[in-house]
Amino acid sequence: MSPTSQYASVHVRRDHAHLKWSKNIEPVLTVSPGETVTFDAVDSSNGQLGKTSETSIIPSVDFSLVNPVFGPVYVRDAQPGDVLKVEVLDLETADWGWSAIIPGFGLLADEFTDPALNIWSLDKEKGYTLFKDNICVPMRPFLGCMGVAPASDDELSTVPPTVGGGNMDCRELSVGSVVYLPVQATGALFSCGDGHAAQGHGEVCGSAIETPLKATLRFEVCKNQPWVTSPQYQIPPGAQPQVIPDRGQYATMGIDSDLLEATKKALRNLIQWLVATKGLNRNEAYILASVVADLHIAEAVNMPNYEVAMSIPLGIFA
Numbered sequence: 001m002s003p004t005s006q007y008a009s010v011h012v013r014r015d016h017a018h019l020k021w022s023k024n025i026e027p028v029l030t031v032s033p034g035e036t037v038t039f040d041a042v043d044s045s046n047g048q049l050g051k052t053s054e055t056s057i058i059p060s061v062d063f064s065l066v067n068p069v070f071g072p073v074y075v076r077d078a079q080p081g082d083v084l085k086v087e088v089l090d091l092e093t094a095d096w097g098w099s100a101i102i103p104g105f106g107l108l109a110d111e112f113t114d115p116a117l118n119i120w121s122l123d124k125e126k127g128y129t130l131f132k133d134n135i136c137v138p139m140r141p142f143l144g145c146m147g148v149a150p151a152s153d154d155e156l157s158t159v160p161p162t163v164g165g166g167n168m169d170c171r172e173l174s175v176g177s178v179v180y181l182p183v184q185a186t187g188a189l190f191s192c193g194d195g196h197a198a199q200g201h202g203e204v205c206g207s208a209i210e211t212p213l214k215a216t217l218r219f220e221v222c223k224n225q226p227w228v229t230s231p232q233y234q235i236p237p238g239a240q241p242q243v244i245p246d247r248g249q250y251a252t253m254g255i256d257s258d259l260l261e262a263t264k265k266a267l268r269n270l271i272q273w274l275v276a277t278k279g280l281n282r283n284e285a286y287i288l289a290s291v292v293a294d295l296h297i298a299e300a301v302n303m304p305n306y307e308v309a310m311s312i313p314l315g316i317f318a
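Residue numbers 1 to 318, in full-length UniProt numbering, belong to the letters of the sequence shown in order.
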């Protein structure tokens, strides 16, 4: 594929959306290493949900349209075997976002079969948003999707992540972070999207605080880095501003010989604790866990059982 002519403005618009990873999608922009590009991305529902939406709209959401990414951008000198270095310079959310329980989707989809929707008001000056008036959720914007085109001629869905990145949903890829992606097609053909205002590690109900987002990224091409065969990243010190009091954390554990089941048990136990001690219903607890609580593997060597913990910061509770 030969690169397109460079645009006069290094900006990727909202109408530069696509729903597949493919090296056969024509690039909308060509840049040189070291250049900065802004991306204007709609939310992961592809505009199907908005700040006035109600729960009744959830069953009508068309899943074939979700998770658009914006691009692709052709980076000069990027060849298969190289590494695309992506610096996250700035992220600007809209003044609203949404989180939802969508039937058939999420870690506990079999247990949460009714839809639910929460519309968030995002105050970028305060650095946090309120849940049920008295629970402060710190905002830490990031792109859920950053990726490059695959080497094959296959068209890959933008929903699951790939070795080229994609829908990684890693909350640590915020401002100041650097992402390294293995280039698989000439020009890398980078795209991004899926803006989040906040998310816990795991995004367990299937959504974070989903929001339209404007991202400013800078690209470099790295040669001779064979250790990058899937996404890698670096985060700066002090990457998480302390906008809520540090009162420690509460964590629940799940223990099982199956890693996925251990993860589900940890989540179930946290939901039960939130309902019993914080006055939330189960749907509210599930959504709150998805946007602010963190899953991690606490132990993975004492077979036959895995131990997964899920922690939530106590400072969010006013």
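Cβ atoms here follow ideal geometry from the backbone N, Cα and C, with glycine treated the same way. From a predicted model like this one, the values you see are computed outputs, not experimental measurements.
Specify the secondary structure class of residue i as computed by DSSP and reduced to three states.
i           : result
I101        : strand
Q272        : helix
K278        : helix
T93         : strand
K264        : helix
P141        : coil
F112        : coil
I57         : helix
E220        : strand
E284        : helix
L181        : strand
D77         : coil
L19         : coil
I135        : strand
L84         : strand
L49         : coil
residue 339 : The first residue shown for the chain is 1 and the last is 318, placing residue 339 beyond what the model contains.
residue 338 : Residue 338 falls outside the range modelled here, since the chain spans only 1 to 318, and no answer is possible.
Beta-carbon separation of residue i and residue j under 7 Å?
i           : j    : result
H11         : T38  : yes
S45         : V66  : yes
L189        : K23  : yes
V308        : G254 : yes
residue 320 : D95  : Nothing can be reported for residue 320, as the shown portion of the chain is limited to 1 through 318.
residue 326 : V75  : The chain is shown only over 1 to 318; residue 326 falls outside these bounds and no answer can be derived.
Y306        : A266 : no
I102        : F112 : no
G206        : F105 : yes
V228        : Y180 : yes
P80         : I25  : no
Based on the DSSP output, what are the partners of residue i in its beta bridges?
i           : result
residue 327 : Residue 327 lies beyond the range of the chain shown here (1 to 318); nothing can be said about it.
K214        : D40, E92
A289        : BP columns for A289 are empty, so no partner.
Q232        : Y180
H196        : F142, E210
N118        : S99
G166        : M146
S191        : G147
F63         : Paired residue(s): none; F63 is not in a bridge.
T30         : Y74
H201        : Note: H201 sits in no beta bridge, so no partner.
S157        : K20
Near residue i, which residues of its chain fall below 6 Å by C-beta distance, leaving aside the five closest residues on each side in sequence?
i    : result
E92  : K214
G248 : L314
E210 : D43, S44, G97, W98
S311 : Q249, A251, D294
Q6   : Reliability fails at Q6, whose pLDDT of 45 lies under 50, so the model's placement of it is uncertain and the value that follows must be treated cautiously. Taken in chain order, the residues that qualify are T30.
V178 : E87, Q234
T4   : Bear in mind that the predicted position of T4 carries a pLDDT of just 44, short of 50, making it unreliable; the figure below should be weighed with that in mind. These residues qualify, in order along the chain: P27, T30.
V204 : L107, L267, A289, S290
D169 : G144, E203
P236 : G176
Within a Cβ cutoff of 7 Å, which residues of the same chain sit near residue i, ignoring the five residues on either side of it in sequence?
i    : result
D82  : V183, V221, C222, K223
I271 : R282, A285, Y286, A289
P241 : G127
K278 : F317
D77  : P33, V221
A300 : Y306
S230 : V163, P182
Q232 : Y180
Quick one: what's got a C-beta closer than 8 Å to residue i's C-beta in the same chain, skipping five residues either side?
i    : result
R14  : D40, A41, V42, F70
G34  : R218, F219, E220
P304 : S257
P150 : W21, S22, K23, L156, T162, G164, Q184, A185
I244 : Y128, C136, P138, P313, G315, I316
I57  : Q48, L49, L117
A298 : M253, E307, V308, A309
V61  : S45, Q48, L49, I102
With respect to 6 Å, is the separation between the Cβ of residue i and the closest non-hydrogen atom of the ligand ADP below this value?
i   : result
D95 : Annotation note on the ligand ADP: not contained in the displayed structure, which lists no ligands.
Please report whether the beta-carbon of residue i lies at a distance below 7 Å from any beta-carbon of chain C.
i    : result
P241 : You won't find chain C in this structure, because it holds only one protein chain.
Spell out a yes or no on whether the stretch 251-258 and the stretch 158-176 are touching, meaning 3 or more CB-CB pairs, one atom from each, closer than 8 Å.
Output reads no: the stretch 158-176 does not touch the stretch 251-258.
Given 8 Å as the limit, is there contact between the stretch 188-200 and the stretch 135-146, that is, 3 or more CB pairs closer than that?
yes
Check whether the stretch 146-164 and the stretch 110-127 are in contact - that is, three or more C-beta pairs closer than 8 Å.
no
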